[in-house]
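Numbered continuously in UniProt numbering, the sequence shown closes out at residue 585. Inspection log for the structure reproduced underneath, given as structure tokens.
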Amino acid sequence: MIELRHLNKYFLKYKTHLIIGIIITIVARIFLLYTPRYVKEIFVIIETYFKDDISIATVKSELMEVILLIIGAAIIGGILTFFMRQTIINVSRYIEFDLKNEIYEQYQKLSLNFYKKNRTGDLMNRITEDVGRVRMYAGPAIMYSINTIALFVIVIIYMISASPKLTLYTILPLPILSVIIYKLSKEIHKRSTIVQEYLSKLSTFTQESFSGISVIKAYGIEPQTSVNFKTLAAESKEKQIDLTKVQAWFFPMMILLIGTSNLLVIYVGGTQYINGEIESIGTIAEFIIYVNMLTWPVATVGWVTSIVQQAEASQKRINEFLKIEPEIKNNTKTHTEITGDISFRDVYFTYDDTNILALKGVSFDIKQGETIAILGKTGSGKSTILDLIGRLYDVDKGSIVVNHTAIDQLNLNELRNSIGYVPQDAFLFSDSIKVNIKFGNQDATDDEVIAAAKNAQVHKNIIKFNKGYDTVLGERGITLSGGQKQRVSIARAILKSPKILLFDDCLSAVDTETEEKILTNLNKISKGRTSIIVSHRVSSAKNADKIIVLEDGEIVQEGTHEKLITIDGYYKDLYLKQLSENTSK
1 MIELRHLNKY
11 FLKYKTHLII
21 GIIITIVARI
31 FLLYTPRYVK
41 EIFVIIETYF
51 KDDISIATVK
61 SELMEVILLI
71 IGAAIIGGIL
81 TFFMRQTIIN
91 VSRYIEFDLK
101 NEIYEQYQKL
111 SLNFYKKNRT
121 GDLMNRITED
131 VGRVRMYAGP
141 AIMYSINTIA
151 LFVIVIIYMI
161 SASPKLTLYT
171 ILPLPILSVI
181 IYKLSKEIHK
191 RSTIVQEYLS
201 KLSTFTQESF
211 SGISVIKAYG
221 IEPQTSVNFK
231 TLAAESKEKQ
241 IDLTKVQAWF
251 FPMMILLIGT
261 SNLLVIYVGG
271 TQYINGEIES
281 IGTIAEFIIY
291 VNMLTWPVAT
301 VGWVTSIVQQ
311 AEASQKRINE
321 FLKIEPEIKN
331 NTKTHTEITG
341 DISFRDVYFT
351 YDDTNILALK
361 GVSFDIKQGE
371 TIAILGKTGS
381 GKSTILDLIG
391 RLYDVDKGSI
401 VVNHTAIDQL
411 NLNELRNSIG
421 YVPQDAFLFS
431 DSIKVNIKFG
441 NQDATDDEVI
451 AAAKNAQVHK
461 NIIKFNKGYD
471 TVLGERGITL
481 SGGQKQRVSI
491 ARAILKSPKI
501 LLFDDCLSAV
511 DTETEEKILT
521 NLNKISKGRT
531 SIIVSHRVSS
541 AKNADKIIVL
551 EDGEIVQEGT
561 HEKLITIDGY
571 YKDLYLKQLS
581 ENTSK
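As structure tokens, then:
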């Protein structure tokens, strides 16, 4: 139960609902427990009729009165039970809502390193399957536990008042029940954890398979993928069966022990009645009803215990992520106006997941309104620089200064809100094209959206779709070509109108003619804004105020286009190579 303590803050939040639910539960049990006592009264009335020779009319009148009381108590008890479910079960839904939001907010706070180390399917399973199991604890498990405790306390009090000796014999099997529950609960907890881990594996496998379905089909490996899925599903099934085998012991054991209690009531109660220790045979009938009223609550003890154990296993998995401290923290709430002055000072950076030293003592300055281009071979550290400017990572050594302030001392939200970022692998959401473009500026008008799309040279493509800007894209924007996705991403960044524009080789899937048009538009738009263009093409870099060439995480060349084409090195070689290719075309 240690892991489930995390939910205590939510129970306190909704304590009023829970207290009302508990009160209703107790009152409902009291009304429902009138039935056994009135059944005893029926036996007493009948026995009196045979012993005292009272009139049949009197018997009928008394019986009718008792029957009406039983029906009335049952109706009131049923109504209260309905409200009990409405209060306590609703609380579980509130807690489920809050917990999912808490997990989602934590996911958003965690750094990119976290997402590199954890699979999407596992993350999804924890916010769906695991939270669902926790909700069962916060709702049905608590409701039935309160119901069972209230019923047991009230029933035992009634039973003792009727016959202490018979009560003692009736509850004899309960200690045995407690031991069995304890033993089975430990095994259920262990097996529940394994089941949840396999559910995460299944979720991850299917998510990756569906995301990479084009690759699977292209390589014709559908049969092998199906075999792998069936193998994983079979293993998961076996773990589920192992858990079910243990859970299956609960209900039969409950029925056996309740049946034993019934036999004890009949035997001991019958003996006491014969010996004159109890006045009416109705007491035996009353006790039998009490015992059978305890049948379902006792049976639910096993079910509730199983729910609690599964919930604890799930909450433990959830807590593992909730306890992770975000690597990137917002260290200040102070408002800072971001202008666009950026300075790298002897920056070193290593990726934790691969231990690759991406940047080695990189230093450069960008003034507000300047445009710089960063070129270099694959893996030279170009994209890393953009990630560090957006503070997706923190540097290992050295410093990054924005607005003459260390980047980790700026308000993180304001920093990122001032940046328009276009990644090489453009990510679009499964929504309309308009919504995707407005992602960075929800208040933009349709005219502004169209203007941004025109500047990104994608407007003509969009209006050819049947629904134009209202066309809903497939997952990850699969409806569009690579070049169209890149241009929609550029339109998104333009519409945001940020102080800093970061372009990460975002024109790689665009033809040179379209590229030239986009760059011309970007030159107009970026006036007064700081722009950083990462590219493999000289054509994207030649108009920049400054060009930086990276190699193995170090700056090996720096200057303007006119300067660098006169110096032997990577930039000149790339320029001559691409010039030759364009000429041959």
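Even for Gly, the Cβ is constructed at its ideal location relative to N, Cα and C.
Per-residue burial, residue i [other beta carbons within 10 Å of its own, 16 or more giving buried]
i	result
V153	exposed
P175	exposed
N436	buried
Q108	exposed
T167	buried
F97	exposed
E105	exposed
Q196	buried
T371	buried
K577	exposed
A234	exposed
P498	buried
Closest by C-alpha distance to residue i, when choosing among the options
i	options	result
T384	D545, K454, E222, I533	I533
S145	I76, L18, I284, G369	L18
F349	G21, F97, D396, G259	D396
V549	T378, T334, D387	T378
T120	T204, A248, K382, I407	T204
L12	V91, A444, F439	V91
D504	S306, A541, I71, H459	A541
R416	A406, T128, R391	R391
Q368	D545, V362, S489	D545
I338	F114, T58, R529	R529
G381	G220, L412, L357	L357
I30	A73, D353, L256	A73
Y94	Y137, V304, K572	Y137
K524	G440, K563, A452	A452
Cut-off 7 Å between Cβ atoms - residues of its own chain near residue i, not counting five sequence neighbours on either side
i	result
residue 588	Outside the shown range of the chain, which is 1 to 585, sits residue 588, and nothing can be said about it.
T170	M159, S261, L264, V265, F287, V291
R345	S363, G398, S399, V401
N113	E327, D352, D353
N- and C-terminal bounds of the alpha helix (DSSP H) containing residue i
i	result
F152	142 to 162
F11	8 to 13
Q59	Before going further, note that residue 59 is Val rather than Gln in the sequence given. Residues 56 to 109.
L388	382 to 389
S236	222 to 247
G379	Looking at the DSSP string, G379 is not in any alpha helix (DSSP H), and its letter there is neither H nor E.
E516	512 to 525
Q486	482 to 496
S539	538 to 541
G269	250 to 274
V395	Run containing V395: none; DSSP gives neither H nor E here.
N466	N466 -> no alpha helix (DSSP H), and no H or E assigned at all.
residue 637	The question about residue 637 has no answer, for the chain in this structure spans 1 to 585.
Cβ pair residue i, residue j closer than 8 Å
i	j	result
Y570	Q557	yes
V291	V308	no
V422	S343	no
V131	K165	no
A456	I494	yes
A141	G77	no
L110	P326	yes
L507	S535	yes
L63	I79	no
T35	I67	no
G282	F43	yes
G482	S430	no
Element boundaries [beta strand (DSSP E), containing residue i]
i	result
G420	419 to 422
T350	342 to 350
I532	530 to 534
F503	500 to 504
Q557	554 to 559
E551	546 to 551
G282	Looking at the DSSP string, G282 is not in any beta strand (DSSP E); the run it does join, the alpha helix (DSSP H), is 282 to 293.
K360	357 to 366
Sequence-distant residues of its chain with Cβ nearer than 8 Å to residue i (five each side left out)
i	result
L434	For the sequence presented, residue 434 should be read as Lys rather than Leu. Within the same chain, K434 has close Cβ partners D446, V449, Y469, D470.
residue 589	Because residue 589 is not part of the residues shown, which for the chain are 1 to 585, the question remains open.
K517	Q457
Same chain, Cβ closer than 6 Å to residue i, five either side skipped, listed in chain order
i	result
T25	M84, I146, N147, A150
residue 590	The structure shown has nothing for residue 590, since the chain only spans 1 to 585.
E554	K360
S306	I188, Q247
I318	R126, D130
A444	K438, L495
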